[in-house]
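As structure tokens, the structure follows; a few thoughts come after it.
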Amino acid sequence: MIAILAAALALIASLVLTLSAILPLTWGILLLLIAFWFCAPGVLVARSLYGRGTWLASLLVGAVWGYALSCLVLLGLWIAGLRGSVLLVLPPVLALLVVWPARRWSGCLALPRFTRKDAAALLLLLLLVPMVVGRPFARVGETVEGGRAYRAYFTADFVWRMAVVAELSKGDVPPHNQFYLDDTLHYYWLAHLLPSVEYRQWPHLTNEQVLLVNSLALDLVFIAFFFFFVRHFVRGPTAAALGCTAGVLFTSFEGTERLWSLWSAGASLDLVRQLNIDAVTRWIYGSMPVDGLHRLLLYQPHHAMGYAIGFSALLCVVQACPKSRTSNLEPPTSDLESRTSTLEPRTFPWSALMAMVGSLLAACLLLSTFSAVMITAMVAVYALARLVMVRQWRAIATGALAGAVPLALGLTLASALRYADRGDLLVRIRLNHTAVTSPVVGIFLSFGPMLIAGGVGAWLAVRRRATELGVVGIVIAISLWFYFFVDVRDHQFVYVGWRAGHFLFMALAVLVGFAIQELWRGGTRTKIATTAGALLLALAAAPLTAIDLYNTQDLTNREKVTEIGGGFRWTLVLTRDEVEALDWIRHFTPADAIVQVEPYVRHTTTWAYVPAFAERRMSTGIPISMVPLAKYMDASRIVRGMYHMRDAGQVHERAAQLRIDYLVVGPPERHKYPNFEPLLNANPDRFGLVFRNRSVAIYHVAR
């Protein structure tokens, strides 16, 4: 109990420090509590489903279910036109209706036994979240000399999420595409709906503050679920927590490889500050980059929530434990196998189980669409294997149908919300040339520590005949197939690698935990060797995480990347003049105004300049998160043509055709098109100057 109390106090203190560095503590606590309130219904659903004595387990998985359920209810109310603070209270209350049907299936699913030791291990594991994100989150949008600073790669994922929240908060359903005229937002935006409602309700808070607190909450929920996931295959809480820790902090040899290379060449080790250290495999070797799970916590908590809801569906199939003929004769090999239902396989409610699984996958589809495709494949293969093993041939067809119905409903909803652009195919099934470029070096550097330790775990699992780990093999096999053979267009052949890499780290964390558990059962020599090996791998992997976390909060690095990435800077600084101009747009122009900059001179640096920071739509832009890119590039060329015109009448006609309300001329436009601003100034009847400071001018286009 003392250990639990100490760990809880440490976690609370670290969260308080993290929140207070982002925004006033009272508001931080309120936003965090709202996120947890949205998680609450799922805890009661899980408790009803799993039965007595399962509160801790219900908390770990139920928070994920609750957030998804509450967000789906919130979506329904949002579509129905409801707005206001009631949306922060009512959705979880309505989501509680799911508790009643959950009670009907109580006792059909088996859980590992969770004890106080699990609580202590979990609380210590949750400390990873503030340890990883605390300092970087505190420096997002920090006021520095000269303006407001945003560090790469917050300038990609986080700034994009700012643009999404700004658009959603306007209340249109479906939301408008901020980068293309007369189009809807083709993006899986459900995970951003709650912070959008909060931002709409409390506009005195900044977009960044609301998003960062929501990210912190989702990160905590994900890490709790990660522990829940690993504990299904690893008996010991300590071993499971160590496996999770390895999966977050000690995943790659890329940092060590770069330090060794620089030292061998006699170069300064300080050069690691100029590298995307978790993408050395791509920058140096041209292979597939794989982000560690620590980057998932930093940049993509919405994907983390999608992973959790999807893998919870997989766990439901794992937990389905009908009574077998040998269950009373053979000793169990895991906590899970020691707990079975009293139902025979032929009377087990397979269809109800698969309907639940399909519903969870549908929620995953709405939270992280492509992840749902991968996880659905894993669930389908494993569920088929389970049913074949118990010879439930009829249940294969009925279960597939039961699971397909909610999935189809989720797909229909995603289609109605226009999640995907209905143009060309977005996914291609073919050999990914990036994945097969230096594949051995790429995979070894990206996954090395986890591969070595996980390989030991796999070998021990085979020796121990731990068949319950077969599902982990399925996760690994399908992730590798997607890694090598599937690609999403216009993402430089790396998007699938990021998703597959995350799933591989989650699966390998299970094997690492299993290896620790089994090796620790050996004698003194085995324990010494295990400790030495683990420390050696951790030391070899630690430079990657240490360098990456340092770089992520280093706002002093203003250097420009010239080797890759189109010339972006490590730290984007919005000057005081730009901040003033963007604030003016946000406060003194209509919410539906079309505000235009020249897209090509803004691309790769301030591509989301207007939608994220001014919170206004553009006639067209070049968004790095929207696919396919061709239509945005084509439309942007039309806008660019306007800046080359020499006749004010033609410029005005083009701007009117593009329905542009305001033209913004900043240093990039002024440098690239020196004649454009004088042309606007010479025609005040067509282009009225409404704002000017030392470096930014804003013109209203007369109608």
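Heads up: the sequence shown begins at 630 in the working numbering, then just goes up one per residue. We treat Cβ as the ideally placed atom computed from N, Cα and C, and that holds for glycine.
Terminal residues of the continuous beta strand (DSSP E) containing residue i?
i, result
"H1329", "A1326 to V1330"
"V1056", "V1056 to I1058"
"V1117", "V1115 to V1117"
So who's on the other strand from residue i, going by DSSP bridges?
i, result
"G1250", "G1250 is not bridged to any residue."
"F1316", "V1330"
"T576", "Absent from the structure is residue 576, since the part of the chain shown begins at 630 and ends at 1332."
"R1198", "K1189"
"Q1225", "L1292"
"R681", "DSSP, once it has assigned bridges, lists no residue as partnering R681."
"H612", "With the chain running from 630 to 1332 in the structure shown, residue 612 is simply not present."
"R1015", "DSSP lists no partner for R1015."
"T1204", "G776"
"A949", "L738"
"R1321", "A1326"
Would you check if the distance between the CB atom of residue i and the CB atom of residue j is smaller than 9 Å?
i, j, result
"A1220", "E1188", "no"
"A846", "L1060", "no"
"A636", "L752", "yes"
"T647", "P804", "no"
"C873", "F862", "no"
"A749", "A632", "yes"
"M1003", "F1111", "yes"
"Y1048", "Y816", "yes"
"A1237", "P1257", "no"
"A949", "R1015", "yes"
"A1170", "T880", "yes"
"V1117", "R1057", "yes"
"Q903", "N1186", "yes"
"V762", "L926", "yes"
The alpha helix (DSSP H) with residue i in it runs from where to where?
i, result
"V1294", "Counting along the chain, V1294 falls outside any alpha helix (DSSP H), though it belongs to the beta strand (DSSP E) covering Y1291 to V1294."
"Q903", "Neither: Q903 is in no alpha helix (DSSP H) and is coded neither H nor E."
"G872", "P866 to L878"
"P1172", "T1153 to T1181"
"A1026", "W1022 to A1045"
"N836", "N836 to R860"
"E1306", "F1305 to N1310"
"S881", "First-last for S881: undefined, no H or E at that position."
"Q929", "Neither: Q929 is in no alpha helix (DSSP H) and is coded neither H nor E."
"S649", "I631 to I651"
"I1072", "P1068 to R1092"
"K799", "Unbroken run through K799: none, as it is neither H nor E."
"W912", "V909 to W912"
"D1263", "A1259 to H1273"
"G1278", "A1277 to Q1286"
"R764", "L757 to A767"
"L725", "It is not in any alpha helix (DSSP H) - L725 carries neither H nor E in the DSSP assignment."
Cα-Cα, which of the options is closest to residue i?
i, options, result
"S1248", "V1239, S1254 and V1256", "V1239"
"G810", "H1281, D1263 and D1276", "In the sequence on display, residue 810 carries Leu and not Gly. Checking every option, the nearest Cα to that of L810 belongs to D1263."
"A692", "L849, I1145, R1150 and R860", "L849"
"F1134", "H1120, A792, P653 and G1102", "G1102"
"D1314", "Y1302, S1324, Q1121 and V1330", "V1330"
"A991", "L640, W694 and V947", "W694"
"A1161", "L1148, L1173 and H1281", "L1148"
"G1039", "G705, P653 and V672", "G705"
"V1190", "Y1229, T1234 and R1051", "T1234"
"A1285", "K1301, P1296, Y1302 and I1267", "I1267"
"T1005", "V1230, S941, M1018 and G763", "S941"
"R1128", "K1156, T1066 and S1000", "S1000"
"R1332", "E1282, G1295 and S643", "E1282"
"R1205", "G1317, V1115 and P1296", "P1296"
"L754", "L878, W734, L662 and G775", "L878"
"A868", "L1164, Q1146 and S1324", "Q1146"
"L1030", "M1018, A981, C993 and D899", "A981"
"K1301", "Q1279, G1270 and N1310", "G1270"
Three or more C-beta pairs below 8 Å linking the segment 872 to 889 and the segment 908 to 915
The segment 872 to 889 vs the segment 908 to 915: in contact.
Are three or more beta carbon pairs between the segment 1284 to 1298 and the segment 1221 to 1232 nearer than 8 Å?
Yes: the two stretches touch, three or more of their Cβ pairs being nearer than 8 Å.
Tell me, please, whether the segment 774 to 781 touches the segment 1170 to 1184 by the rule of three or more beta-carbon pairs shorter than 8 Å.
Pairwise C-beta distances place the segment 774 to 781 in contact with the segment 1170 to 1184, as three or more of them are shorter than 8 Å.
Is it true that the segment 718 to 725 meets the segment 686 to 702, where meeting means three or more beta-carbon pairs spaced less than 8 Å apart?
In this structure the segment 718 to 725 lies against the segment 686 to 702, because at least three pairs of beta carbons, one per stretch, are closer than 8 Å.
Kindly confirm or deny that the segment 1211 to 1218 and the segment 755 to 771 touch, where touching means at least three C-beta pairs closer than 8 Å.
No, the segment 1211 to 1218 is not in contact with the segment 755 to 771.
Taking 8 Å as the cut-off, does the segment 1020 to 1040 touch the segment 971 to 989 (at least 3 CB pairs, one atom from each stretch)?
At 8 Å Cβ cutoff, the stretches touch.
Assess, as a yes-or-no matter, whether the segment 671 to 684 is touched by the segment 722 to 739 under the definition of 3 or more beta carbon pairs within less than 8 Å.
The segment 722 to 739, when compared against the segment 671 to 684, does touch it at the 8 Å Cβ threshold.
Given 8 Å as the limit, is there contact between the segment 1019 to 1034 and the segment 1079 to 1086, that is, 3 or more CB pairs closer than that?
The segment 1019 to 1034 is not in contact with the segment 1079 to 1086.
Okay, do the segment 1129 to 1147 and the segment 1102 to 1117 touch, 3+ Cβ pairs below 8 Å being the bar?
Using a C-beta cut-off of 8 Å, the segment 1129 to 1147 makes contact with the segment 1102 to 1117, since at least three inter-stretch Cβ pairs fall below that distance.
Pairing CB atoms from the segment 814 to 834 with CB atoms from the segment 787 to 801, are three or more of them under 8 Å?
The way I'd put it, the segment 814 to 834 does touch the segment 787 to 801; three or more beta-carbon pairs between them come closer than 8 Å.
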